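In terms of this note's numbering, the sequence shown is residues 19 to 421.
Where a beta carbon is used, it is the ideal one built from N, C-alpha and C, also for glycine.
Treat the numbers as computed from the prediction; the structure is a model and nothing was measured.
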Amino acid sequence: MGNKPFTVLCVTSYFKGHEFMKQCKKEGCRVVLLTSKSLENEEWPRESLDEIFYIPDKNKEWNMHDVIYGVSYIARRERLNRIVALDDFDVEKAAELREHLRIPGAGETTARYFRDKLAMRMKARECGIPVPAFVAILNYEEINEYLAENQPPYVLKPRLQASGIGIRKIASSADLWREVDSLGDQQSFYLLEQFKPGKVYHVDSIVHERGIRFAVASEYGETPMSVAHEGKVFSTRTMRRGTEREKALLELNARVLSELGLKEGVSHTEFIEGETPADFYFLETSMRVGGAHISDLIEQATGINLWREWAKIEVLRDEMTYEPPKAREDYAGLLVSLAKQEWPDMAAYNDPEVTWRLKKHHHAGLIVVSPSFERVESLMAEYVGRFRADFFASMPLPDKPAD
Ligand SMILES: Nc1ncnc2c1ncn2[C@@H]1O[C@H](COP(=O)(O)OP(=O)(O)O)[C@@H](O)[C@H]1O
Ligand SMILES: [Mg+2]
19 MGNKPFTVLC VTSYFKGHEF MKQCKKEGCR VVLLTSKSLE NEEWPRESLD EIFYIPDKNK
79 EWNMHDVIYG VSYIARRERL NRIVALDDFD VEKAAELREH LRIPGAGETT ARYFRDKLAM
139 RMKARECGIP VPAFVAILNY EEINEYLAEN QPPYVLKPRL QASGIGIRKI ASSADLWREV
199 DSLGDQQSFY LLEQFKPGKV YHVDSIVHER GIRFAVASEY GETPMSVAHE GKVFSTRTMR
259 RGTEREKALL ELNARVLSEL GLKEGVSHTE FIEGETPADF YFLETSMRVG GAHISDLIEQ
319 ATGINLWREW AKIEVLRDEM TYEPPKARED YAGLLVSLAK QEWPDMAAYN DPEVTWRLKK
379 HHHAGLIVVS PSFERVESLM AEYVGRFRAD FFASMPLPDK PAD
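Shown next as structure tokens:
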């Protein structure tokens with residue numbers, strides 16, 4: 019390595035990723051941040067950043083011409099060794115930049131499998147991974163064939179969104195064509211698939227040299243769709259270890275990540291339970307840390323911080339090796355709700371198992387931890403009801419993700 023710095027460009031159009039940037043600095047890297055101009059006044063971890071560059075944005079949307087010119091300009095005097103997208107919406111930008119600057123890491127083909135819901139579905143189906151029957155909103159003859167072969171209800175979903183935004187439940191063919199019509203030129207950015215009524219699960223993993231080095235399976239309380247559309251309290255908890263369901267999920271997760279081609283990094287991958295227990299459909303995957311404080315849930319249960327481990331993997335140089343720290347095997351549950359109070363008082367949630375509290379304007383949230391699965395399960399059941407009564411407020415679903 020000599021005296022040349024190892025430089026990481028962190029790309030994020032949203033305000034996040036502090037632990038990642040701090041860890042890169044700790045690993046001896048030069049850390050350069052590329053973010054949205056509108057986030058200029060946020061409290062970035064400036065002590066860990068060597069340079070910050072801003073891209074003019076419109077609601078955090080960037081023009082890729084600006085980005086390519088901007089980063090190529092930065093590259094005149096910075097030798098960039100890695101480019102890392104910290105948010106889902108930046109994954110394809112980082113891939114395009116890596117391709118343009120010829121920098122190692124996921125290129126456009128791989129990044130697409132982890133970002134575009136149609137691409138991941140097609141690839142999974144090709145590899146024999148179970149997925150709900152689906153069709154692209156593209157060729158009308160194919161859509162009609164699909165409708166004749168598959169019973170409603172369906173879901174119509176944007177290929178490139180997140181957080182349940184833009185997803186609609188569709189009751190009939192007539193319903194579908196009405197929606198498709200109203201989408202106009204946006205149609206091709208959607209896909210249609212069968213609605214599966216089961217519970218939703220997520221597996222959060224660390225991947226190194228194409229192998230899973232760490233993975234935790236968790237079960238959402240209400241489905242993310244009911245949380246987003248019907249205003250339910252968000253909750254999830256880690257699954258009981260060693261059960262058939264947990265083993266089936268971990269296995270399917272490993273297949274998804276290996277077939278879709280994640281070489282290095284982290285992933286948040288989701289599944290829906292089918293008609294029989296332990297029979298799962300692949301819902302979606304990503305090459306980033308899960309949002310909604312899921313990384314805090316995993317850290318409380320296992321002691322492993324996914325952001326920090328991801329940073330260690332990204333900045334590995336030739337002479338370095340990676341081993342994840344030994345994981346604790348506790349169980350944890352996470353609850354988050356919008357709150358009608360500006361700073362909700364959570365003092366009454368004082369069981370000793372409460373190890374983490376959310377400090378965010380108009381939000382209530384906490385994590386409970388215990389070596390006993392039953393204890394976490396019963397606390398969660400009780401707290402979900404109490405959260406509803408004490409704090410709950412709903413807001414209309416935005417058409418763009420919030421920070
Ligand atoms: N085929 C489906 N059947 C039933 N529910 C679905 C289906 N696809 C999505 N959903 C619901 O919508 C939520 C969001 O969908 P998802 O594909 O995970 O997109 P994102 O989380 O990126 O918005 C899921 O967690 C689930 O609750
Ligand atoms: Mg999802």
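Based on Cα-Cα distance, which residue from the options lies nearest to residue i?
i	options	result
residue 30	343, 358, 71 and 226	71
residue 13	383, 259, 263 and 180	The chain is shown from 19 up to 421; residue 13 falls before or after that span and cannot be answered.
residue 236	291, 245, 114 and 244	291
residue 109	131, 354, 293 and 93	131
residue 285	379, 221 and 198	221
residue 373	196, 353, 26 and 392	353
residue 245	361, 218 and 208	218
residue 393	349, 63 and 45	349
residue 21	32, 48 and 28	48
residue 260	252, 253 and 269	269
residue 351	336, 233 and 375	375
residue 150	389, 355 and 293	293
residue 297	267, 194 and 406	267
residue 181	212, 252, 319 and 33	252
residue 303	45, 255 and 271	271
residue 54	254, 88, 369 and 178	88
residue 366	401, 396, 356 and 148	401
residue 368	356, 361, 385 and 378	385
residue 239	395, 174, 168 and 192	395
residue 123	389, 281, 361 and 335	281
residue 193	170, 208 and 215	170
residue 230	275, 92, 166 and 412	275
May I ask you to check if the CB of residue i is nearer than 7 angstroms to at least one heavy atom of ligand 1?
i	result
residue 141	no
residue 205	no
residue 182	yes
residue 243	yes
residue 150	yes
residue 385	no
residue 213	yes
residue 179	yes
residue 102	no
residue 312	no
residue 185	yes
residue 175	yes
residue 135	yes
residue 218	yes
Can you check DSSP and say which residues form a bridge with residue i?
i	result
residue 98	25
residue 232	224
residue 186	174
residue 283	225
residue 76	79
residue 374	385
residue 354	252 and 383
residue 53	30 and 72
residue 208	176
residue 218	290
residue 399	Bridge partners of residue 399: none, in fact.
residue 153	210
residue 238	254
residue 367	In DSSP, residue 367 forms no bridge with anything.
residue 246	Residue 246 pairs with nothing; no bridge assigned.
residue 349	388
Assuming residue i contacts residue j (C-beta within less than 8 angstroms), just tell me the rounded distance between them.
i	j	result
residue 224	residue 324	7 angstroms
residue 172	residue 210	5 angstroms
residue 327	residue 342	6 angstroms
residue 346	residue 321	5 angstroms
residue 101	residue 85	The Cβ separation is near 11 angstroms, so there is no contact.
residue 288	residue 278	Not really, about 13 angstroms apart at Cβ, beyond 8 angstroms.
residue 25	residue 95	Incorrect: roughly 10 angstroms between the Cβ atoms, too far for contact.
residue 106	residue 139	With 8 angstroms as the limit, residue 106 and residue 139 do not qualify as a contact, their Cβ atoms being about 17 angstroms apart.
residue 80	residue 111	7 angstroms
residue 7	residue 356	Since the first residue shown for the chain is 19 and the last is 421, residue 7 is missing from the structure and cannot be characterised.
residue 148	residue 299	5 angstroms
residue 142	residue 129	With 8 angstroms as the limit, residue 142 and residue 129 do not qualify as a contact, their Cβ atoms being about 16 angstroms apart.
residue 52	residue 62	With a Cβ gap of about 11 angstroms, residue 52 and residue 62 do not count as contacting.
Flag residue i as yes when its Cβ comes closer than 7 angstroms to any non-hydrogen atom of ligand 2, and as no otherwise.
i	result
residue 288	yes
residue 400	no
residue 302	yes
Quick one: is the Cβ of residue i within less than 7 angstroms of any heavy atom of ligand 4?
i	result
residue 55	Of the ligands one can find in the structure shown, namely ligand 1 and ligand 2, none is ligand 4.
Mind the definition here: the stretch 310 to 317 touches the stretch 147 to 159 only if three or more C-beta pairs lie below 8 angstroms; say whether that holds. no
Tell me, please, whether the stretch 245 to 259 touches the stretch 170 to 190 by the rule of three or more beta-carbon pairs shorter than 8 angstroms. yes
Evaluate contact between the stretch 31 to 42 and the stretch 114 to 125, counting only Cβ atoms and requiring at least three cross-stretch pairs below 8 angstroms. no
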